[in-house]
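Structure, as structure tokens:
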Amino acid sequence: MVLLTGSNVLGQAAKSPYSTFGIGESYGNALAPNQGMGGLGFSQPQFLHLNNQNPALLVYNTLTVFQVGLVAEQLDLTDGVNNQSIRSGNLNYLAIAFPVLFRKITTSVGLMPYTNVDYSLQYDLQVFDNNNQLIDTTKVTEQGSGGLTQLYWSNGFRIYKGLSVGLKASYIFGSVNTLTLNEIQLDNQLVPFIPGVDESTYSKGFLLGGGISYSIDSLFNGNYRLNFGAVYDFNGRLNAERDVEYFRLNGSTLDTLDNDVLATRKGKLELPSGFGGGISFAKDAKWSFGIDYYYQDWSTFRSLNVVDDDLGQTWRWSLGGEFTPDYSSLNYFKRVTYRIGLSQAPFFANGKKVNDFGINFGLSLPTGQSSIDLAFKAGQRGSVQENGLKENYLKVYLGVTLNDRWFVKRKFD
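Heads up: the sequence shown begins at 590 in my numbering, then just goes up one per residue.
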């Protein structure tokens, strides 16, 4: 009988080690203006920005709107012994929407990341015999990269006055690559070769979702509005193909000595359904605030018919709002929209609950009917005591929104 123990789990990390679980770290659907409010958006209409949270709210976009966004992140990690800081950046979204029937039907297409996998872990694995004597030590390196991307098509339909519904179809595609290396040490001597396993999983398929929105206008004899919204994402089955390759590296030069494809498996990635809802209250174009809730059960996730016991139920709540002092003022700063929000999104990793709490704020700098959108999120994910790892992060979202009337037949005298 032998006993295996591990140490120095953090070692070195690139981006978040929490992206090792499932299909990686989810990006979500919130664009920069919504990120400034903690990701709020299930019920809150946006007239000059896309609301990508609920397709039913697209009917409020009566102009053609084009949005592009970037995200950058500063990540500080610690396992109580090791500390590391990492910076990264990526394209966050590219989206366009335009009215098909004015105030009745609006359609939108977009491209954005769906999940991200990016980590590199090193730790020592020790092997003991029955007498608790050390047999050997293995230095393990685990690396992961890639992720999934979504290309979506959404449509919003106004049914009656303040009632609208929406549908969203997404084509999900991408690959995730994982690499494991084992540097084995026997009797204080390194084995002259390093065995490793390289797995690549390619996935593609369609996901469907929908939403509903209801607004009550002109409350309290004024321009107050009460909004309700709900969304549902259907469970999906993506086609997946996984290649597993075994190889050996020269321990000195790291040249490949030999390699062999062990297996090529085909199957399904089974993604769970999810549902959420929200309520918001607003006064014309001056201010609004609201709260959202979303739930998914990732314990039903399957990867090529294999259950991932590390995952479990997840939920997220967001609380936030926005304020524009005077959108018609000659004073520029009174036309700026200011936002603030909170969010909490606990999830399961390695069979344990990981809490993720963030504070958000942002603003939109107007340029006519268009704007430059900024949002910031400072948060903490996990703890050394409960999860063996704590992440402090700062995310910066930069977006550009362009509004105009396209596809209009102009007449000249």
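Positions of the beta carbon are idealized from the N, C-alpha and C atoms, including for glycine.
With DSSP as the reference, label residue i as helix, strand or coil.
i: Leu646; result: helix
i: Ser632; result: coil
i: Pro702; result: strand
i: Tyr616; result: coil
i: Ser608; result: helix
i: Val670; result: coil
i: Asn958; result: Strictly speaking, residue 958 in this sequence is Gln, with Asn absent from that position. Coil at Gln958, not helix or strand.
i: Ala874; result: coil
i: Asn640; result: coil
i: Asn721; result: coil
i: Pro784; result: strand
i: Pro622; result: helix
i: Asn679; result: strand
i: Asn812; result: coil
Exposed or buried, residue i, counting other C-beta atoms within 10 Å across all chains shown (16 or more means buried)?
i: Gln974; result: exposed
i: Gly940; result: exposed
i: Arg747; result: buried
i: Gly957; result: exposed
i: Ala645; result: buried
i: Val689; result: exposed
i: Thr990; result: buried
i: Leu908; result: buried
i: Pro606; result: buried
i: Leu808; result: exposed
Distance check for residue j and residue i, CA to CA, integer angstroms please.
i: Trp742; j: Leu756; result: 8 angstroms
i: Gln656; j: Leu954; result: 14 angstroms
i: Pro784; j: Trp904; result: 39 angstroms
i: Thr845; j: Gly613; result: 29 angstroms
i: Ser677; j: Gly977; result: 23 angstroms
i: Tyr884; j: Asn618; result: 14 angstroms
i: Ala686; j: Asn812; result: 26 angstroms
i: Ile773; j: Thr727; result: 4 angstroms
i: Ala967; j: Ser932; result: 10 angstroms
i: Ser918; j: Val925; result: 10 angstroms
i: Val670; j: Asn949; result: 29 angstroms
i: Leu700; j: Asn640; result: 14 angstroms
i: Thr769; j: Ser753; result: 50 angstroms
i: Ile961; j: Gln732; result: 36 angstroms
i: Val895; j: Gly799; result: 28 angstroms
i: Asn623; j: Tyr682; result: 13 angstroms
i: Val648; j: Ala684; result: 16 angstroms
i: Ser608; j: Tyr708; result: 7 angstroms
i: Pro935; j: Asn944; result: 4 angstroms
i: Arg814; j: Gln635; result: 13 angstroms
i: Trp876; j: Val985; result: 23 angstroms
i: Ser734; j: Asn766; result: 5 angstroms
i: Arg928; j: Trp995; result: 29 angstroms
Using a Cβ-Cβ cut-off of 7 angstroms (strictly less than) and excluding sequence neighbours within five positions of residue i, which residues of its own chain qualify?
i: Asp1018; result: Nothing can be reported for residue 1018: it is not among the residues displayed for the chain, which extend from 590 to 1002.
i: Asp725; result: Val716, Ile773, Gln774 and Leu775
i: Ser972; result: Lys979
i: Phe946; result: Gln933, Gly968 and Gln969
Within its chain, find whatever has a CB closer than 6 angstroms to the CB of residue i; leave out the 5 residues flanking it on each side and keep chain order.
i: Tyr791; result: Ser764 and Glu830
i: Gln663; result: Arg676 and Leu983
i: Glu1010; result: One cannot answer for residue 1010 here, as it falls past the ends of the chain, which runs 590 to 1002.
i: Ser759; result: Gln739, Tyr741 and Leu796
i: Asn828; result: Lys793 and Gly794
i: Phe610; result: Asp899 and Ala938
i: Ala819; result: Ile801 and Gly866
i: Asn744; result: Thr696 and Leu756
i: Asp847; result: Arg837
i: Lys855; result: Glu830
Please work out which residues of its chain come closer than 8 angstroms, Cβ to Cβ, to residue i, disregarding the five sequence neighbours upstream and downstream, and give them in chain order.
i: Lys857; result: Arg826, Leu827, Asn828, Ala829, Arg891, Leu893 and Asn894
i: Asn824; result: Glu859, Leu860, Pro861, Ser862 and Thr889
(request) Please list the segments of the beta strand (DSSP E) lying wholly inside the region 726-782, counting only runs of 3 or more residues, in order along the chain. (result) Within the region 726-782, the complete beta strand (DSSP E) runs of at least 3 residues fall at 752-775.
(request) Let me know the alpha helix (DSSP H) ranges lying completely inside the region 882-950, each 4 residues or longer, listed in chain order. (result) Within the region 882-950, the complete alpha helix (DSSP H) runs of at least 4 residues are 921-924.
(message) What ranges does the beta strand (DSSP E) occupy inside the region 814-839, keeping only unbroken runs of at least 3 residues that lie completely in it?
(response) List check, beta strand (DSSP E) in window: 825-839.
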